[in-house]
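Quick note on numbering: the sequence shown equals residues 4 to 101 in our numbering.
Where is the CB? At the ideal position from N, CA and C, for every residue including glycine.
Model, not experiment: these values are computed from the prediction.
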Amino acid sequence: MHQLRVAPAALHAMAARWGTSAGELSEAAAPAGLGLPSQASIAAVDTAHADITAFTAALATRVDARATRVTEADTRYMSTEVDSINRLAAVADPGTGV
Numbered sequence: 004m005h006q007l008r009v010a011p012a013a014l015h016a017m018a019a020r021w022g023t024s025a026g027e028l029s030e031a032a033a034p035a036g037l038g039l040p041s042q043a044s045i046a047a048v049d050t051a052h053a054d055i056t057a058f059t060a061a062l063a064t065r066v067d068a069r070a071t072r073v074t075e076a077d078t079r080y081m082s083t084e085v086d087s088i089n090r091l092a093a094v095a096d097p098g099t100g101v
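Put into structure tokens, the structure is as follows:
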């Protein structure tokens, strides 16, 4: 079985990038004032822009939530590692280090 090794700093950097991407998605906006009101296709274009805006907002929310979960998981993992180190240190023989 292979071991997964992840650097905590890299994990936090990845979560930060996801958060930035989610923010950029949230800032995207459909262009206003396309076409003439008399054009029959303007309603279809407006509907498509509304759908894209809704999808982008939902995607940004999901990406941001995932970034938050990754950061929280890393924090829990590091806490567990520190706890393990402390427990091992409490029972280690100072003469042998084990």
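| Asked | Found |
| --- | --- |
| Buried versus exposed, by CB contacts within 10 Å (16 or more), Val-85 | exposed |
| Beta-carbon spacing of Ala-18, Val-94 below 7 Å | no |
| Own chain, CB closer than 7 Å to Leu-62, minus 5 neighbours either side, in chain order | Leu-28 |
| Rounded Cβ spacing between Arg-79 and Trp-21 (contact assumed at less than 8 Å) | So it is not a contact: roughly 18 Å between Cβ atoms. |
| Straight-line Cα distance separating Pro-11 from Ala-47 | 47 Å |
| Leu-14 vs Asp-67 beta-carbon contact at 7 Å | no |
| Coil, strand or helix - Ser-82 by DSSP | helix |
| Residue environment, Ala-57, which counts as buried when at least 16 other CB atoms sit within 10 Å | exposed |
| Cβ-based burial, Ala-51 [other Cβ within 10 Å; buried from 16] | exposed |
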